[in-house]
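Residue numbers (our numbering), protein chains in the order written: chain E, 1 to 268; chain S, 1 to 289. Where a beta carbon is used, it is the ideal one built from N, C-alpha and C, also for glycine. Predicted model, so just to flag it, every value in this text is computed and none were measured. Structure first, then comments.
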Amino acid sequence: MSGLLIENLSMRFDLPNGGHVQALQDVSLDLAAGELLSVLGPSGCGKTTLLNIVAGFLAPTDGQITLNGHAVIGPDAERGMVFQQGALFEWMSVRENVSFGPRMKGQREQEYGQAVDHLLDIVGLQDFKEKAIYELSGGMQQRVALARCLANDPDVILMDKPLGALDALTREKMQSLVLKLWKETGKTIILITHSVEEALLLGERLLVMAPRPGRIHREYRLPFADLGVGQDLREVKKHPEFATRREEILGMIWDMEEEIMGRSEADQ
Amino acid sequence: MEYTASADDGSTDDATITVLVHRLGADDTLPEIDPGEGWAKNDAFAIGAWRSGLMRVDRNDEKGRDVGHQVIAVNGTPIAPGGQVQTEFGRVGMSPKGTLNFEPTKGWQMEPIWLPSPEAVMARLKDIASEGYRGSTLWQHLGFSLFRVVVGFALGALVGIPLGYAMGLSGWFRGWFDPIVEFMRPVPPLALIPLVIIWAGIGEAGKIILLFLAALWIMAIAARAGVSGVNITKVHAAYSLGASKFQIMRYVIVPNSLPEIFTGARVAMGVCWGRWSPPNWWRRKRAQA
């Protein structure tokens, strides 16, 4: 069986004062190979916790994850991760960063060289491959992170607010790049974001999560990711359904935020 | 100054003492003086600056100690054995046996041994550079100091860096060694000198142990800070790129901690250089003992 299966996932953090936080409760999800899922929700709804469990950095309190038929235990190269920022190795050049995965597997330059150069071409960094990380702009650094992840040829790519730290213009270009890479490589992608527009544009499927406890609130299937491939994303945003969906989801998240505020006030 | 002397026969006589206060090491030619009237003759002495000197005024007098020569007053002020008289140019004292001594006023100048002048320091440096000091050349002395600093520092780094890594990576190590390191770190290495001398003697080993102790804690803390300063997302990224624990150590944690370790090394080197002089003093103390 191919694809990512998440079953009845729960995560509880025990606090030092004896209390606990239910970060996730009974989250189930079935993701087919090659699907692009974006996850949206107010802060504190457990999005990042979910991603960290899928990546294997955290062990869930309950439930299990199955990838291509085998259980997920601990981090592995089959599940690549792209972080918001700060995850590149500053003491290595761009090319050394991108080839990190293959090198850790013990591959030689002859084996990975071509693939790495091809990836550098795709993300447009061929001219910068010998540069140090600090010489790159924020957008370029995220392109290195994408290429580094792809060089390892993972089955699933997990993106934790990958474009969150970029300026608006760079962000739009990077959104097109993510769509392009998704189509070209056919990878299964889970993308976490705080931006409703980004979630709509980059989500073939869109998951809205609710906080306290973190759970799946609503799921959408959307046409925009497919429309966006090879097209100007601004055109996609003109789609009549886009504005409707955006308002609908924004309203949903606002309601949740207000409910949290109300609950905090009631607590006091 | 003048002194008044008496003899057994009850007679007294006055005479003048002329003292030449000269620069140390300079030629002291006694001034020519007129012996003067009476049985007590005028005297002349030479005394170095910042020193004092005995004045046996009876030596050239006609009535010597064999007939009870005794100084009874200086400049008209009575003086007795053990007593003293201040004159305009210095202090005149009398020993229990009745001999006068004179200590010229020091004035406002400091004796060179407390604060030598820059040119004296330069001259001495040239001297030591060309002729050596206590049988060894300046370069041998410097070589030994350098050797101690380098060996002490290297041993400190050799033990301190792995210790720091272990503390940064393992809670067990941190729990056991953090109190020790944090307790030892602020102890000035100079305060350890007595202990080190008792344990290891004043030989080469003791000096190197002292410098080792100076470098050890700094290097351990630098390495620990370097390891704990690694951004956890870098470790996560490396894990999800398929790196093993050893590879993460080798390619992520070590390179990431190097800047901290180099900073620590610079501080430790500075502290070691600052500490090499006390170990060198021991040697001098031993030579003097």
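- Taking the Cα positions, THR66/E is about 21 Å away from GLU204/E.
- A buried status is given to HIS236/S, since no fewer than 16 other beta-carbon atoms sit within 10 Å of its beta-carbon.
- The beta-bridge partner set that DSSP reports for PRO78/S consists of ALA73/S.
- Taking a cut-off of 8 Å on C-beta distances, the region 72-85 of chain E does not touch the region 119-128 of chain E, as fewer than three cross pairs fall below it.
- The beta-bridge partner set that DSSP reports for MET94/S consists of LEU100/S.
- Each of LEU241/S, GLU103/S, ALA268/S, ARG148/S was checked against the Cα of LEU54/S, and the nearest Cα belongs to GLU103/S.
- Here the C-alpha atom of ILE113/S lies approximately 14 Å from the C-alpha atom of GLY48/S.
- Among the residues facing chain E, TYR239/S is included, as its CB has a counterpart in that chain under 8 Å away.
- One alpha carbon belongs to ALA132/E, the other to ASN256/S, and they sit about 15 Å apart.
- Under the three-state reduction of DSSP, PHE13/E is assigned to strand.
- Using beta-carbon distances, ASP76/E counts as an interface residue toward chain S, with a partner under 8 Å.
- A Cβ-Cβ contact shorter than 8 Å links PHE128/E with VAL94/E.
- Here the alpha carbon of LEU146/S sits roughly 27 Å from the alpha carbon of GLU119/S.
- Taking each of LYS63/S, SER240/S, VAL21/S in turn and checking the Cα distance to VAL156/E, the smallest one comes out for SER240/S.
- Take TRP39/S, set aside five residues on each side of it, and the residues of its chain with a beta-carbon closer than 8 Å to its own are ALA7, SER11, ASP13, ASP61, GLU62, LYS63, in chain order.
- At a cut-off of 8 Å between beta carbons, GLN247/S contacts chain E.
- A Cβ of chain S is located within less than 8 Å of the beta carbon of MET81/E.
- In the structure shown, SER228/S falls within a helical segment according to DSSP collapsed to helix, strand and coil.
- Look at the region 45-69 of chain E: the residues with a C-beta under 9 Å from a C-beta of chain S are ASN52, ALA55, GLY56, PHE57.
- No Cβ of chain S is located within less than 8 Å of the beta carbon of ASN17/E.
- Two segments are said to touch when three or more pairs of C-beta atoms, one from each, lie closer than 8 Å; by this definition the region 7-23 of chain E does not touch the region 157-173 of chain E.
- Buried is the label assigned to MET256/E, since at least 16 other Cβ atoms lie within 10 Å of its Cβ.
- Around the beta-carbon of LYS47/E, 16 or more other beta-carbon atoms lie within 10 Å, marking it buried.
- The beta carbon of THR18/S sits closer than 6 Å to those of PRO31, ILE33, ALA44, all from its chain and outside the five residues before and after it, given in chain order.
- Under the Cβ criterion of 8 Å, ALA87/E is counted among the residues facing chain S.
- Here HIS20/E is bridged, per DSSP, to ASP14/E.
- When Cβ pairs closer than 8 Å are counted between the two stretches, the region 264-275 of chain S is seen to touch the region 217-228 of chain S, the count reaching three or more.
- VAL57/S and ALA123/S have their C-alpha atoms some 40 Å from each other.
- For GLU7/E, the three-state secondary structure derived from DSSP is strand.
- Using a Cβ-Cβ cut-off of 9 Å, GLY186/E is close to nothing in chain S; its nearest Cβ partner there is about 19 Å away.
- The Cβ atoms of ARG148/E and PHE100/E sit closer than 8 Å to each other.
- For MET104/E, the chain S residues whose C-beta falls within less than 7 Å of its own C-beta are LEU241, GLY242, ALA243, GLN247, listed in chain order.
- Less than 8 Å separates the beta-carbon of GLY152/S from that of PHE212/S.
- For ILE33/S, no beta strand (DSSP E) segment is defined, and its DSSP state is neither H nor E.
- Contacts with chain S (Cβ-Cβ distance below 7 Å) from the region 91-102 of chain E involve TRP91, PHE100, GLY101, listed in chain order.
- Closest option to THR185/E, judged by alpha-carbon separation, among VAL208/E, LEU150/E, VAL196/E: LEU150/E.
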